[in-house]
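Residue numbers (this note's numbering), protein chains in the order written: chain U, 1 to 332; chain R, 333 to 664. For reference, the structure discussed in these notes is given below.
Protein chains: 2
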Amino acid sequence: MNTVKIAVDANGGDHAPDIIIDACLLALNEEQGIELTLFGNEEELKAKLAGQEYDSSRIHLIDAKEVIENTESPVLAIRRKKDSSIVKGLRSVKEGHADAFVSAGSTGAVLAGGTLIVGRIKGIERPALGSFIPTTKGVTLLMDCGANVDSKPVFLHQFAKMGSVYYSSFIGTSKPTIGLLNIGAEDGKGNQLCKDVFPLLKDDSNLNFIGNIEGRDIAEGGADVIIADGFVGNVVLKHTEGLALMLLAQIKTAVTSTWYSKIGALLIKKPLKKMLIAFDYTEYGGAPLLGLEGLVVKAHGSSDAKAFKNAILQCKTFSDEKVNDKIKQYLM
Amino acid sequence: MNTVKIAVDANGGDHAPDIIIDACLLALNEEQGIELTLFGNEEELKAKLAGQEYDSSRIHLIDAKEVIENTESPVLAIRRKKDSSIVKGLRSVKEGHADAFVSAGSTGAVLAGGTLIVGRIKGIERPALGSFIPTTKGVTLLMDCGANVDSKPVFLHQFAKMGSVYYSSFIGTSKPTIGLLNIGAEDGKGNQLCKDVFPLLKDDSNLNFIGNIEGRDIAEGGADVIIADGFVGNVVLKHTEGLALMLLAQIKTAVTSTWYSKIGALLIKKPLKKMLIAFDYTEYGGAPLLGLEGLVVKAHGSSDAKAFKNAILQCKTFSDEKVNDKIKQYLM
C-alpha cells in the first residue's frame, strides 16, 4: 500500500489546534494509507493528544511555534518566520519528508510559501487554486480561486490544462468540459483577458473547450471546469458560500416562524438535510495549489473537523492518482 | 402632478410584445403619473391592444419594426438599424419627447445606444449599470453590472458617486455605505485596479467609504453600494440569480420527495413564499444606465409582466427624485 505522508499545519485556521487534532484523528481512523506530521506548539499538541486513542506510530509532532497572521505581508512572513508551521511544513515537502502539506492558515502565506519553498513544476508560469463548487449536475472545478490577479492569457491556458487533469483524476470524467468565465455567451465577448485567452483554449485540441460560461451558468454546472482570473474566481467562490449560507438561514427563519410551519419544518427535515449535504463545502475538502512540485492544500480558515479531515484525505487521492505526474506528462 | 413620459421597447425581451403590453397596462393602472409610448410593430401592437381596457390617451404607439438581436454587434446595429425600437426609443429621449426609455432587449445595444444617442452627463467618463440585489439587511446596489470592462480607476470612483446618489434617492439612506469589491479585507489587497481605486475612494470625504468588501460579504449586505468593474459585477449579478434559482429548485425537489414532506411543504408554504418575495429579482425592476443625460433602464431579457412593470414604475421614481439633477450637482 502506498502510504502518503502528510504535513499538517496545526497553527492555522480559526479553531486551531483543537479541530486540527480532531481532524487528524478522524482521518487516521478513516484511511489507513496515511501518516501525519503536525507542525505546531509541540508541548500543547502533546498535552491535547494525551488520553486520546490513536496509533502513535502514524502521527508525529514537530515543534513550530511561530504563527503567520492573515494581516502580515505573506512574502515577508515566509522569509522571516523560519520557525512557523507554514514554513517548516512546506520545507518538509520540499525536502521529501512529506508528500503534501495542508493548512487552514493565511491563504497569502500558503500561496507565497508554496511557490517560494516548494517551487513550481517546470514550465508552469503560475500555480493556481482549484476549488470544487456544488452544482445541479454535481461539482464544477473553479480555478483560479485567488492565487493570481491580473493574470496573463498564458496563465489561464495553463489553468485549463491543470484543471482538466485534476478534474478527471478526482471525478473520473475522461475529457471534462472546460468553460471560460465571461460576460457573454458569444465568441469575442468580454474583457481583454478573455478575448486573448479564448483562441488559446479553442485551438488546444487536447482540451474539451466548450466556449464562454456566463455567471448564470455556474450553478447549473455549465462546464466541468471553469477558468477565470483569480480575482474573479475568488469573488465568485466566496459569494457562492455567502449566498448559500444566507439563503439557507433565511429559509430556516421563515419555516420556523409559525407553529404550523414548525411542524412542516419537522416533516421536511430529512429530505432537506440530504439535499443540503450536497451544498456543504466541508464535504469537498480544501483547494490544492496546482502547479507545484509537491502538493499544497489550502483549507478554509473556518474549517470544522470534518472539512479539515476531508482536506487531509484529499491528499491521499491526489497522490494515488498521481495528479502531478499527469500534469507533467500533459505539459510535455 | 409630474407626468413622466416613458418610451417602451415593445420588441425587446424573450416574451415580447405580449408581456410588454401586459406590463404597460399594469403600470398605467398602478401609477397615474405616467404616459407610455410603445415602439414596435404598430399594427401588431394595435391588434393586441384591441379589446383591452385602458386609457388610450395615456398610451401611444410608434412604428419601429426592426429588432436588434443579441448576437449583433451593438455599435454597428445602433448605426444601421435606424428603424429599430431601441434607436427610435432612445432618440425620443434625446429629443425630449420622452423622459425615459425601458428595454428588455439586447443589453449591448441598449448600452451602446444610451451613450451614442442619449449621451453622457458632462464630466461622466463612463455610464454604468446599477442593479439592486437582495441581502440579509435589505438591498445592496451593485455597480457596474456589465457596461464597462477593463475599467480605469476614475470610472470606479464615478460609479461610487453615482451609486451613492441613486441608492439614497431610492432607498432613503442619506449617506449609504460604499464598499469596494475585493479579494481581501485589508487595505492594499487586490488587483491593480483595486489598489488604484482604493485611495480615490478613501480620500473622497463626500463618500461614506467603508473599505474592501469580500465575496462572502455581498449576501450579508456588507455595504449599501458595492463598486466593481463591470466584468466582475456582471458575473456576480448573474451568478446570484443562477445560484438562488438553483438552490430554490433543489429545495423544492427535496421537500416534495416523500408524502409526509409534501404535507410539510404545504405547512411551510406561506412563510416561505413571504421570504422568497424578497429574493425575487422581478420586484426590483431593471438596471438604470447611470450617467446619461436622460434615463435608460435595462430590464432582464426574461422579464415577466411584473418585472417589466416594475422597471417602468422605476422611471417615475427616478424622475420624481430628480436623480440625474442630483448626480450633476454632486459632480460640480
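Glycine included, every Cβ here is placed at the ideal spot set by N, Cα and C. Quick caveat, the model's predicted, so the values are computed rather than measured.
Burial is judged here by how many other beta carbons sit within 10 angstroms of a residue's own beta carbon; P127(U) has at least 16 and is buried. The Cβ of P271(U) sits closer than 8 angstroms to at least one Cβ of chain R. Per DSSP, P406(R) is one residue of the alpha helix (DSSP H) stretching across 406–412. Relative to the Cα of I449(R), the nearest Cα in the group S438(R), E427(R), T468(R), K469(R) belongs to E427(R). Sixteen is the threshold: when 16 or more other Cβ atoms of the shown chains lie within 10 Å of the Cβ of N566(R), as they do, the residue is buried. Taken through DSSP and simplified to helix, strand or coil, M664(R) comes out as coil. In this structure A555(R) is buried. Its beta-carbon is surrounded by 16 or more other beta-carbon atoms within 10 angstroms. The beta-bridge partner set that DSSP reports for I62(U) consists of F39(U). As computed with DSSP, V139(U) is found in a beta bridge with P134(U). By the rule that beta-carbons nearer than 8 angstroms mark a contact, H239(U) touches chain R.
For V587(R), the closest of K270(U), G12(U), L247(U) by C-alpha to C-alpha distance is K270(U).
Residue environment analysis places Y499(R) among the buried positions, since at least 16 neighbouring C-beta atoms fall within 10 angstroms of its C-beta. Taking the Cα of N208(U) as reference, the smallest distance to any Cα among I227(U), P74(U), I218(U), D280(U) is reached at I227(U). Under the DSSP definition of a beta bridge, L624(R) partners with R452(R). Taking a contact as a CB-CB distance under 8 angstroms, the pair K337(R) and D476(R) does not count as one, their CB atoms being some 27 angstroms apart. For G172(U), there is no enclosing beta strand (DSSP E), since its DSSP letter is neither H nor E. According to the DSSP assignment, A244(U) belongs to the alpha helix (DSSP H) that extends over 230–255. No Cβ of chain R is located within less than 8 angstroms of the beta carbon of Y330(U).
At a Cβ-Cβ threshold of 8 angstroms, L313(U) and E31(U) count as neighbours. Residue environment for I277(U): exposed (fewer than 16 other C-beta atoms within 10 angstroms of its C-beta).
Put simply, the backbone Cα of G51(U) is about 42 angstroms away from that of K262(U). The C-beta distance from L368(R) to I391(R) rounds to 5 angstroms, short enough to fall under 8 angstroms. S435(R): member of the beta strand (DSSP E) spanning 432–435, first to last residue. Non-local beta-carbon contacts of N343(R) in its own chain, meaning distances under 6 angstroms to residues more than five positions away in sequence, involve G372, V399, S417 in chain order. Within chain R, the residues whose beta carbon sits less than 9 angstroms from that of K274(U) are A586, S589, listed in sequence order. Against chain U, a Cβ distance below 8 angstroms from G522(R) picks out V149, F231. Residue contact check for R390(R) against chain U: no CB pair falls below 8 angstroms. Note that the C-beta distance between L243(U) and I213(U) is not below 8 angstroms.
What A219(U) touches in chain R, judged by beta-carbon distance under 8 angstroms, is H571, G574, L575, L577, M578, L579, going in chain order.
Counting only residues of its own chain and dropping the five nearest sequence neighbours on each side, F159(U) has a CB closer than 7 angstroms to the CB of A128, M143, D144, I227. At least 8 angstroms separates the beta-carbon of I20(U) from that of A597(R).
Shown here, A460(R) sits in a strand according to DSSP, grouped into three states.
Here DSSP, grouped into helix, strand and coil, assigns A379(R) to helix. With 16 or more neighbouring CB atoms inside 10 Å of its own CB, P288(U) falls in the buried class.
With its beta carbon less than 8 angstroms from one in chain U, R548(R) belongs to the interface. When only Cα atoms are considered, T472(R) and G618(R) end up about 14 angstroms apart.
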